[in-house]
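A.B. asks: Protein chains in written order, with my numbering: chain A, 128 to 727; chain B, 128 to 727. Glycine included, each C-beta is placed from N, C-alpha and C at the ideal position.
There are 2 protein chains.
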Amino acid sequence: MKQFFYPRSVAVVGVSELPTNLGRVIVNNLLDFGFQGQIFPVGPRGGQVRGLEIVPSVLELPQPVDLVTVLAPALIVPKILDHCAQRGINRVVVESGGFSECSEAGRVLEEEVRQRLHDYGIRLVGPNGLGLINLEVGLCLPFAQIPLRPPVGGVSVVAQSGGVGANLISWLAQEGLGMNKFISLGNKLNINEDDVLAFLLEDDGTHIIYLYLEDIVDGRRLMDLGQSATKPILLHKANIGIASAAIARSHTSALTVDDKVVDAACVQAGLCRVHTQADFLLAAKALEQPPLKGNRLAVMSRSGGQAVLVADACQRWGFELPPLSDRIQNLIRSRSRAGIIEPINPVDLGDVYDFSLYRDLMHEFCRDPVYDAVLLNYEPLSDEEKGVARDTVQEQIRLAERYNKPLVIAVIGELEEQHYFRKEIGVPVFDFPEEAIQALALARQASPSTVANSPAIAPALELTAVSRVLEPHLYTPGSLSLPIALEVFQSLGLVVPEWQLVDSVAAAESAAAQFNCPVCLKMVAPSAVHKSDLGGVLLNLETPKAAAQGFAQLQQVAAQRLPAGEDWQALIMPMVEGGIEVLLGARRDHTFGPISGGAV
Amino acid sequence: MKQFFYPRSVAVVGVSELPTNLGRVIVNNLLDFGFQGQIFPVGPRGGQVRGLEIVPSVLELPQPVDLVTVLAPALIVPKILDHCAQRGINRVVVESGGFSECSEAGRVLEEEVRQRLHDYGIRLVGPNGLGLINLEVGLCLPFAQIPLRPPVGGVSVVAQSGGVGANLISWLAQEGLGMNKFISLGNKLNINEDDVLAFLLEDDGTHIIYLYLEDIVDGRRLMDLGQSATKPILLHKANIGIASAAIARSHTSALTVDDKVVDAACVQAGLCRVHTQADFLLAAKALEQPPLKGNRLAVMSRSGGQAVLVADACQRWGFELPPLSDRIQNLIRSRSRAGIIEPINPVDLGDVYDFSLYRDLMHEFCRDPVYDAVLLNYEPLSDEEKGVARDTVQEQIRLAERYNKPLVIAVIGELEEQHYFRKEIGVPVFDFPEEAIQALALARQASPSTVANSPAIAPALELTAVSRVLEPHLYTPGSLSLPIALEVFQSLGLVVPEWQLVDSVAAAESAAAQFNCPVCLKMVAPSAVHKSDLGGVLLNLETPKAAAQGFAQLQQVAAQRLPAGEDWQALIMPMVEGGIEVLLGARRDHTFGPISGGAV
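Following this line, the structure appears as structure tokens:
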């Protein structure tokens with residue numbers, strides 16, 4: 128992937144002097160973003176664009192290039208690949224549509240392209256996408272104008288949809304978030320999310336990865352990458368249902384994946400799933416801060432009502448608001464008239480006009496290891512306050528940086544103030560304090576350190592013992608009986624209570640005497656699948672005698688409720704208290720392989 | 128309430144010439160908002176403000192006024208009320224804090240105020256709030272600057288917290304939403320949410336009501352008002368948990384209400400509950416449109432990826448995307464090159480540069496009764512497109528108005544474009560299409576027409592029969608036995624299967640013969656509360672003979688599992704298939720009265 132993101136020279140195929148030509152937009156983007164490498168426009172009509180001569184074909188390029196970007200009709204893409212191969216070019220971006228997302232003819236054409244990639248050893252991004260961007264080197268290949276350009280920063284965007292990706296570029300810029308790299312995967316004919324993710328996980332400039340996918344090429348590979356990640360991955364898996372399937376197929380030829388499986392995979396692999404573009408932006412803002420070490424927040428609020436909303440949001444998103452230490456309580460009391468500020472967390476500073484108290488409180492919150500992060504609700508109550516309020520916020524930011532304490536800031540009320548921080552200061556503030564808390568929750572989920580807490584993937588199992596147990600029953604119709612099921616569990620190394628099969632009153636009594644009473648008795652018979660409904664399960668038999676009486680009771684049940692002549696036995700085991708009843712099912716998913724799901 | 132919102136004359140108590148005086152802000156707000164009535168500043172130091180003479184006391188007002196607003200120290204509020212009473216003034220707004228939200232002394236002072244209100248027949252808004260606003264007549268009483276003023280419109284805001292209310296005023300302005308009235312309830316000493324809600328429900332200028340509450344004075348009254356409402360009420364009940372309780376009490380002296388009860392009350396009363404300020408703004412934007420008649424949407428999207436996100440959001444929020452009619456499919460085919468636009472809903476118009484197609488499609492969607500609403504994802508792909516794209520959107524808006532079809536618009540990408548519509552055109556567009564769908568879902572929930580579909584409040588019951596059943600058992604410890612519980616249900620008019628108590632094999636057999644087999648047998652004994660665990664429940668007994676055998680089986684169970692000598696019987700009833708198992712509990716809530724909750 129490195130050659131895609133860091134080419135020294137780029138040819139843009141599909142450029143002409145016509146005013147409606149979209150290839151020109153690519154050349155403009157390269158020049159406007161300050162690409163330092165060589166740029167070669169290519170197009171059969173020749174001419175000039177922005178002072179660069181348009182070369183008639185790839186074959187006539189003055190030199191081989193590191194990367195060719197194509198925005199030419201789909202039908203001639205195979206020929207362009209031939210030319211690339213002839214010139215020894217092995218990295219191509221195809222932005223043109225008209226392939227499998229479009230029609231059967233397009234699908235055939237896409238296969239033709241795939242064959243050539245295989246034959247020539249060419250790697251290809253697309254087709255049917257917006258190409259890529261690397262702000263580090265001014266590489267900008269989309270055929271659409273990028274109206275708002277984020278500063279160079281740590282967020283890299285991988286988008287199966289160019290439109291969604293382009294929208295997020297604008298939003299990153301507007302939110303004061305910095306971007307590093309961008310790639311639009313399109314139909315994922317050759318380069319897919321796993322290739323890009325593996326690269327970005329090692330990429331020094333990338334600190335946060337946003338992955339917008341309409342399908343998943345290889346669920347297990349994605350999970351492996353997620354588990355190995357040392358930086359946050361925000362997975363926005365769209366195309367979640369029936370209504371989405373048709374439009375997604377026509378858009379990027381994507382197939383639908385069972386959404387519950389995606390959810391479970393995210394939990395296991397430590398991927399943070401986001402469901403909307405807005406949620407991604409929230410998460411990215413909080414991830415600009417140092418990682419959260421815990422759930423305990425300190426809150427300063429200019430408004431009491433907003434403080435209540437913060438406390439509600441903490442409840443909703445699982446954060447705590449530890450009480451203030453005596454030291455901090457005394458600080459507040461020493462600085463306010465009696466009763467004006469109650470020394471509780473959140474601190475309601477609505478009636479405080481001495482802004483130095485914010486600074487002094489922030490010092491304390493930063494120093495106090497009880498607080499894992501600080502939320503500031505900032506709100507100038509009048510135009511006169513704006514200057515000092517802005518200075519106060521910036522002082523808070525400096526303090527947080529000094530102590531490496533996560534600080535999220537909600538700017539209440541005026542978009543103008545929010546823009547000031549986002550655009551002028553480059554601080555991605557929040558519109559509402561509730562959103563700041565939600566963002567911290569997303570960041571907590573996305574932080575790689577939390578992966579260690581997520582359920583482990585099952586270790587590789589020694590399956591010989593299981594096979595030995597299952598083998599004799601493979602062709603027996605119906606369910607496995609309870610004793611065989613218990614043997615399967617045991618062969619897998621799961622701990623089950625000791626148990627025994629008994630077929631007489633005496634055997635029940637003597638088995639119970641060996642176990643710790645109380646015991647239970649469960650009828651085992653082919654037709655007794657729902658044993659409890661028959662009266663075939665007897666719990667809490669307190670003595671061997673009771674177990675014997677229980678077996679006699681089951682004899683009655685068998686006589687009255689089982690088909691005549693059906694063989695039965697009783698399984699006896701000690702009572703186990705507590706625990707959780709679990710129902711588990713399994714099947715094979717086309718993307719993720721064997722999966723299981725349970726109900727408790 | 129009318130006199131509060133439409134006074135002909137207002138006195139502002141607590142005004143001085145000092146630059147830090149907050150009473151002056153109220154006078155400024157009245158003048159700046161264009162209040163047409165008379166304004167009398169009042170303050171002991173005298174002087175002038177904005178050319179108005181400051182009268183030393185209410186007693187010296189040149190005439191009685193319709194409304195007195197007080198921003199003076201809490202301690203002198205009782206005296207001001209004395210003066211008001213002497214001048215025959217009976218409507219007062221107290222914005223000062225320092226009452227029950229603050230200290231025990233404040234609580235005592237609040238009681239003193241309450242007594243005077245009672246004695247004098249004065250109605251009071253507050254204390255500890257921001258007063259009220261009526262944009263219709265330029266009345267603006269908050270002691271804080273209102274930096275951004277929404278246009279006059281249909282949204283009225285009732286806020287227990289002045290800070291939350293003031294924040295939403297700014298946001299209404301920024302979102303292009305019009306406001307009508309605003310009231311900050313503060314400590315709700317006299318005027319509470321029910322007084323205001325009853326007034327606003329009848330108020331011609333108010334079309335949408337936003338209610339921010341940190342506690343609920345009278346749950347049943349609120350539900351009654353909700354049920355009688357013919358306009359949408361968005362209830363933002365904050366202070367939902369332990370973490371919020373302390374800050375809410377110190378902020379507006381609010382007590383916490385069981386949040387599940389609030390949720391259930393909202394469902395029953397047709398109140399739409401919102402949980403964040405952002406959700407309220409979303410809902411308000413969608414409620415500017417005509418009411419939704421159903422769940423079927425037509426979607427036009429400039430981006431295929433955004434169309435996928437729309438389809439996902441439809442799935443999440445319960446909207447349908449009906450297929451396009453042949454007529455509309457033909458329209459699309461006739462206007463695009465083969466394969467460029469697939470004729471499905473959402474329509475992906477990413478590759479269409481003929482904007483008249485948007486107009487023609489909109490005509491069709493408006494005319495087609497299959498579609499209950501239209502979503503437009505608008506996104507200019509280049510600067511050159513902006514003019515024609517803006518015109519196209521405005522044409523869509525005109526068409527929707529002509530056909531009275533709900534239309535929500537998401538403007539993708541550039542805040543500048545969004546501001547253009549919100550501020551210049553007064554159209555409250557959405558940032559993301561997912562949010563437009565979520566907003567439609569909130570609006571659907573808030574629409575009064577859906578109240579008819581919500582579960583009915585239980586009718587008044589004839590309780591004599593129930594009392595007769597329960598009376599003999601009132602002082603019996605422990606649970607009611609199964610037969611008595613069944614009698615209670617029957618006395619309430621609930622249908623239960625026929626049943627009989629039997630105490631012998633013969634009785635069981637003959638009872639089963641009377642019923643339709645299969646039947647079930649359930650052991651009835653004081654110590655057999657968990658009957659199934661004992662083997663005391665026998666299901667699906669297919670014949671009278673099986674019932675007899677079942678009774679014999681229960682005899683064994685009784686002998687082995689019941690305490691020696693305990694009396695028991697068996698209850699026999701026909702098997703009932705299907706249905707849902709329900710657990711129901713009940714208790715008395717301090718705000719809502721008797722309530723019950725269930726698990727299924």
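Could you check the C-alpha separation between B:Phe-132 and B:Cys-267 for me, to the nearest Å?
C.D. replies: 10 Å
A.B. asks: Would A:Glu-708 count as contacting chain B if we go by Cβ distances under 9 Å?
C.D. replies: Closer than 9 Å: no.
A.B. asks: Is there contact between the region 268-283 of chain A and the region 240-249 of chain A, where contact requires at least three CB pairs shorter than 8 Å?
C.D. replies: The region 240-249 of chain A and the region 268-283 of chain A do not touch, with fewer than three beta-carbon pairs separated by less than 8 Å.
A.B. asks: Within 10 angstroms of its Cβ, does A:Leu-414 collect 16 or more other Cβ (buried), or is it exposed?
C.D. replies: buried
A.B. asks: Hey, how far is the Cα of B:Leu-666 from the Cα of A:Ser-606?
C.D. replies: So the alpha carbons of these two residues sit roughly 22 Å apart.
A.B. asks: Taking 9 Å as the CB-CB cut-off, is B:Asn-294 touching chain A?
C.D. replies: yes
A.B. asks: Assign A:Gln-433 to one of three DSSP states: helix, strand, or coil.
C.D. replies: helix
A.B. asks: According to DSSP, is B:Ser-574 part of a helix, a strand, or is it coil?
C.D. replies: coil
A.B. asks: Classify A:Arg-715 as helix, strand or coil using the three-state DSSP reduction.
C.D. replies: Under the three-state reduction of DSSP, A:Arg-715 is assigned to strand.
A.B. asks: Give the residues from the region 357-373 of chain B that approach chain A closer than 7 Å (Cβ to any Cβ), ordered along the chain.
C.D. replies: If you check each beta-carbon in the region 357-373 of chain B against every beta-carbon of chain A, the ones closer than 7 Å belong to Ala-365, Asn-366, Ile-367, Gly-368, Ala-370, Ser-371, Ala-373.
A.B. asks: Assign A:Gln-175 to one of three DSSP states: helix, strand, or coil.
C.D. replies: strand
A.B. asks: Would you decide whether A:Leu-450 is buried or exposed? Buried here means 16 or more other CB atoms lie within 10 Å of its CB.
C.D. replies: First, the amino acid is wrong: residue 450 of chain A is Pro here, not Leu. Its Cβ having fewer than 16 others within 10 Å, A:Pro-450 is exposed.
A.B. asks: Do you know offhand how far B:Met-350's Cα is from B:Cys-393's?
C.D. replies: If I take the Cα positions, the gap works out to 7 Å.
A.B. asks: Hey, how far is the Cα of A:Val-142 from the Cα of A:Ile-181?
C.D. replies: Spanning the two alpha carbons is a distance of roughly 7 Å.
A.B. asks: Just to confirm my understanding: we take B:Glu-669, look at its own chain, exclude 5 residues before and 5 after, and list those with CB closer than 7 Å. What are they?
C.D. replies: Cys-644, Pro-645
A.B. asks: Buried or exposed for B:Pro-582, going by 16 or more other Cβ atoms inside 10 Å?
C.D. replies: Residue placement at B:Pro-582 cannot be trusted, given a pLDDT of 49 that sits under 50; what the coordinates show is reported in the next sentence. Exposed.
A.B. asks: For A:Ile-539, go through chain B and note every residue whose CB falls closer than 7 Å to its CB, in chain order.
C.D. replies: Asn-294
A.B. asks: 9 Å is my cut-off, CB to CB: does A:Trp-764 come that close to chain B?
C.D. replies: As displayed, chain A neither begins before 128 nor continues past 727, which places residue 764 of chain A out of reach and without an answer.
A.B. asks: In chain order, which beta strand (DSSP E) runs of at least 3 residues are fully inside the region 449-529 of chain A?
C.D. replies: Counting only runs of 3 or more, we get 500-505.
A.B. asks: Check the Cβ-Cβ distances between A:Tyr-547 and every residue of chain B, and say whether any is below 9 Å.
C.D. replies: Among the residues facing chain B, A:Tyr-547 is not included, as its CB has no counterpart in that chain under 9 Å away.
A.B. asks: Would you mind listing the beta strand (DSSP E) stretches within the region 624-712 of chain B that are 3+ residues and don't spill past its ends, in chain order?
C.D. replies: 627-629, 646-651, 664-668, 696-701
A.B. asks: Is B:Cys-229 helix, strand or coil when you go by DSSP?
C.D. replies: coil
A.B. asks: When the Cα atoms are used, what is the spatial distance from B:Ile-467 to B:Arg-460?
C.D. replies: Within the model, the alpha-carbon separation for B:Ile-467 versus B:Arg-460 is close to 9 Å.
A.B. asks: Starting from B:Arg-151, trace the alpha helix (DSSP H) in both directions and tell me its first and last residue.
C.D. replies: 150-159
A.B. asks: Run through chain A and tell me which residues come within less than 9 Å of B:Asn-667, C-beta to C-beta.
C.D. replies: Asp-660, Leu-661, Arg-688
A.B. asks: Using a C-beta to C-beta distance shorter than 8 Å, which residues of chain B count as neighbours of A:Gln-680?
C.D. replies: Gly-662, Gln-680, Gln-683, Val-684, Gln-687
A.B. asks: Identify the continuous beta strand (DSSP E) that holds A:Thr-357 and give its terminal residues.
C.D. replies: Where A:Thr-357 is concerned, there is no enclosing beta strand (DSSP E), given that its DSSP letter is neither H nor E.
A.B. asks: Three or more beta-carbon pairs under 8 Å between the region 679-690 of chain B and the region 700-710 of chain A, yes or no?
C.D. replies: no
A.B. asks: Decide yes or no for the touch test of the region 338-349 of chain A against the region 166-184 of chain A: beta carbon pairs closer than 8 Å, at least 3 of them.
C.D. replies: no
A.B. asks: Any beta carbon from chain B within less than 9 Å of A:Thr-519's own beta carbon?
C.D. replies: no
A.B. asks: In the structure shown, what three-state DSSP assignment does A:Pro-189 receive?
C.D. replies: Under the three-state reduction of DSSP, A:Pro-189 is assigned to coil, being neither helix nor strand.
A.B. asks: Does the Cβ of B:Ile-369 have 16 or more other Cβ atoms within 10 Å, making it buried, or fewer, making it exposed?
C.D. replies: With fewer than 16 other beta carbons inside 10 angstroms of its own, B:Ile-369 counts as exposed.
A.B. asks: Runs of 3 residues minimum, wholly inside the region 264-291 of chain A: which ones carry the beta strand (DSSP E) assignment?
C.D. replies: Listed in chain order, they are 279-286.
A.B. asks: Buried or exposed: which applies to A:Glu-625, given that a residue is buried once 16 or more other Cβ atoms fall within 10 Å of its Cβ?
C.D. replies: exposed
A.B. asks: With DSSP collapsed to three states, give me the class of B:Glu-180.
C.D. replies: strand
A.B. asks: Alpha carbon to alpha carbon, how far is B:Ala-365 from A:Ser-297? Give it in angstroms, no decimals.
C.D. replies: Rounded to the nearest angstrom, the two C-alpha atoms are 34 Å apart.
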